[in-house]
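Working notes, structure below.
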Amino acid sequence: MRRPGGWWRIKSTPEKVETYTRWSFHFFGVIEVLALGVTAYGRAGVGLATVLCLLVVVHAAVCMLVSSMALDWTLDRRPQPVRMLWTLVAVTAVVAVTAVGIADRGPAGEVETAAGSVYGGVMCYAAGVITVGVRGRRRRVAVVGAFALGAGLVTFPLEMPALASVVVAGLVLVTGGFLAATSIFSLWLLKAVYALDDAKETRARLAVAEERLRFGRDLHDVMGRNLSVIALKSELAVQLSRRGRPEAVEQMIEVQRIAQESQREVRDVVRGYREAALEVELAGARGVLSAAGIVSEVTGGTAGLPSEVQAALGWVVREATTNVLRHGDAKKVAVTVRMSEGRVVLTVENDGVAETTGDGPPAVSGGSGLAGLRERLSAVDGTLEAGPAGKGIFRLTAEVPLPAAAAGAPLEVAS
Numbered sequence: 330m331r332r333p334g335g336w337w338r339i340k341s342t343p344e345k346v347e348t349y350t351r352w353s354f355h356f357f358g359v360i361e362v363l364a365l366g367v368t369a370y371g372r373a374g375v376g377l378a379t380v381l382c383l384l385v386v387v388h389a390a391v392c393m394l395v396s397s398m399a400l401d402w403t404l405d406r407r408p409q410p411v412r413m414l415w416t417l418v419a420v421t422a423v424v425a426v427t428a429v430g431i432a433d434r435g436p437a438g439e440v441e442t443a444a445g446s447v448y449g450g451v452m453c454y455a456a457g458v459i460t461v462g463v464r465g466r467r468r469r470v471a472v473v474g475a476f477a478l479g480a481g482l483v484t485f486p487l488e489m490p491a492l493a494s495v496v497v498a499g500l501v502l503v504t505g506g507f508l509a510a511t512s513i514f515s516l517w518l519l520k521a522v523y524a525l526d527d528a529k530e531t532r533a534r535l536a537v538a539e540e541r542l543r544f545g546r547d548l549h550d551v552m553g554r555n556l557s558v559i560a561l562k563s564e565l566a567v568q569l570s571r572r573g574r575p576e577a578v579e580q581m582i583e584v585q586r587i588a589q590e591s592q593r594e595v596r597d598v599v600r601g602y603r604e605a606a607l608e609v610e611l612a613g614a615r616g617v618l619s620a621a622g623i624v625s626e627v628t629g630g631t632a633g634l635p636s637e638v639q640a641a642l643g644w645v646v647r648e649a650t651t652n653v654l655r656h657g658d659a660k661k662v663a664v665t666v667r668m669s670e671g672r673v674v675l676t677v678e679n680d681g682v683a684e685t686t687g688d689g690p691p692a693v694s695g696g697s698g699l700a701g702l703r704e705r706l707s708a709v710d711g712t713l714e715a716g717p718a719g720k721g722i723f724r725l726t727a728e729v730p731l732p733a734a735a736a737g738a739p740l741e742v743a744s
């Protein structure tokens with residue numbers, strides 16, 4: 330069963346930032362209701378206070394909906410919510426005019442103050458929210474400026490002095506501009522986080538593509554020359570055969586020899602690719618993790634280890650590194666190679682394991698998984714253990730017995 334807070338832990342970093350940003354916009358609506366609607370009960374009678382509070386609640390709900398839709402539009406998930414933006418403008422106008430009417434015709438004193446607070450507050454909140462749904466500095470400035478100008482003009486029916494109208498317009502301009510700047514900065518930060526996450530995935534894909542290119546170059550170097558020789562000798566054999574020359578048989582025997590040699594060389598290349606040395610895999614893991622922005626710490630050495638042991642442990646490092654990049658949200662990965670009672674022990678720890686309801690965390694569910702690693706280790710009588718090692722920590726431990734000669738040789742410590 331998923332533990333409390335598991336829904337948050339399974340989210341990636343961009344998804345966490347998006348959730349925080351979205352609920353921050355909703356929290357602005359909650360503040361609007363508390364600061365403007367609820368406080369009206371302490372300044373006016375129950376009837377007028379209820380009317381003002383309901384108006385504020387409706388306005389806050391529309392602001393929440395518009396901000397959420399505008400956020401999806403910013404992330405290119407939906408079209409621009411033009412109708413909802415105009416709906417917010419209309420709702421703001423209705424609430425503002427109603428508040429002005431209550432302040433003008435209602436009882437003087439605290440009621441007028443409460444209505445005035447609702448009037449100025451909804452104008453500020455609406456200006457800040459609408460800027461989320463438009464693009465361009467000029468358009469956003471125009472939105473805030475239009476709300477500030479409108480706030481000053483609507484106060485004339487109250488027969489307020491010109492200076493007071495200017496002050497109201499200035500307050501809406503400053504407060505609405507501040508809310509708009511805060512919202513725009515939050516959107517910019519969210520887009521930057523998503524861009525960094527895309528760059529991380531791109532770097533991982535480039536690392537895989539670079540490895541494929543290296544493998545392709547190796548095959549080209551091995552097969553290119555041999556295939557050219559096979560083609561030439563085959564053509565020569567055809568010409569000799571047509572002339573009835575016995576040398577055609579010798580040429581085909583040579584073609585057969587080159588083909589067999591090519592097969593052997595290809596096997597060597599593939600074997601070297603599949604059974605990379607542990608030291609190479611450790612260096613590759615350090616580079617890939619660093620490129621992905623993950624702090625990596627590699628301790629221990631590989632000197633004196635048999636090639637088959639290095640190949641098996643190299644696969645463990647490769648698979649663990651791949652799964653750290655694909656799953657979870659690790660900030661640090663520690664890889665340790667050490668000797669223990671005639672056995673070499675490889676430990677890989679990361680702090681980005683995500684909660685799941687399955688049999689194991691996603692950190693080991695990708696690729697060939699635990700079953701594939703155990704199968705490779707069983708060829709050298711090795712064992713594999715994997716599981717949580719603390720809060721948010723996942724540890725993968727591989728142990729392989731060493732021959733007597735290798736067990737007596739100390740491992741060199743790598744930096």
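Numbering-wise, the working numbering puts 671 at position 342 of the sequence shown, and it's gapless, one number per residue.
All residues carry an ideal CB built from backbone N, CA and C; glycine is no exception.
- The C-beta of Phe514 has fewer than 16 other C-beta atoms within 10 Å across all chains shown, which makes the residue exposed.
- Secondary structure in the stretch 460–545: the alpha helix (DSSP H) runs of 4 residues or longer, each lying completely within the stretch, are 466–483 in chain order.
- Pro730 sits in a strand when the DSSP states are folded into three classes.
- When rounded, the separation of the alpha-carbon atoms in Ala480 and Gly506 is 14 Å.
- DSSP places Ala632 in the coil class of the three-state scheme, outside both helix and strand.
- With at least 16 other beta carbons inside 10 angstroms of its own, Phe357 counts as buried.
- DSSP places Lys720 in the coil class of the three-state scheme, outside both helix and strand.
- For Ala659, there is no enclosing alpha helix (DSSP H), since its DSSP letter is neither H nor E.
- One alpha carbon belongs to Val664, the other to Thr726, and they sit about 10 Å apart.
- The C-beta distance from Leu519 to Glu347 rounds to 6 Å, short enough to meet the 8 Å contact threshold.
- The C-beta distance from Val673 to Val729 rounds to 5 Å, short enough to fall under 8 Å.
- For the pair Gly629 and Ala536, the Cα-to-Cα distance works out to about 24 Å.
- Glu626 has Ala663 as its beta-bridge partners, per DSSP.
- At least 8 Å separates the beta-carbon of Leu675 from that of Val627.
- Judged by DSSP secondary structure, Val367 falls outside any beta strand (DSSP E); it is assigned neither H nor E.
- Under the three-state reduction of DSSP output, Ala373 falls in the coil class, being neither helix nor strand.
- When Cβ pairs closer than 8 Å are counted between the two stretches, the stretch 609–620 is seen not to touch the stretch 702–715, the count staying below three.
- Exposure of Trp337 is indicated by the presence of fewer than 16 other C-beta atoms within 10 angstroms of its C-beta.
- Ile459 and Arg532 have their alpha carbons spaced roughly 37 Å apart.
- Bounds of the beta strand (DSSP E) holding Arg672 are 672–679.
- Residue pairing by DSSP places Met393 in no beta bridge whatsoever.
- Shown here, Leu702 sits in a helix according to DSSP, grouped into three states.
- Here Ile431 is buried. Its C-beta has 16 or more other C-beta atoms within 10 Å.
- Contact between Cys392 and Ala455 holds: CB atoms are separated by about 7 Å, below the 8 Å threshold.
- Taking the C-beta atoms as reference points, Val440 is found nearer than 8 Å to Leu377.
- Annotated three-state conformation of Ala708 is coil, per DSSP.
- Here Met668 is bridged, per DSSP, to Val673.
- Of the other Cβ atoms in all chains shown, fewer than 16 fall within 10 Å of the Cβ of Gln589; this residue is therefore exposed.
- For the pair Val395 and Leu417, the CB atoms are nearer than the 8 Å cut-off.
- Distance from Val447 to Ala373 at the Cβ level is roughly 10 Å; contact not present, criterion being Cβ atoms closer than 8 Å.
- Contact annotation: Val662 and Leu618 have beta-carbon atoms nearer than 8 Å.
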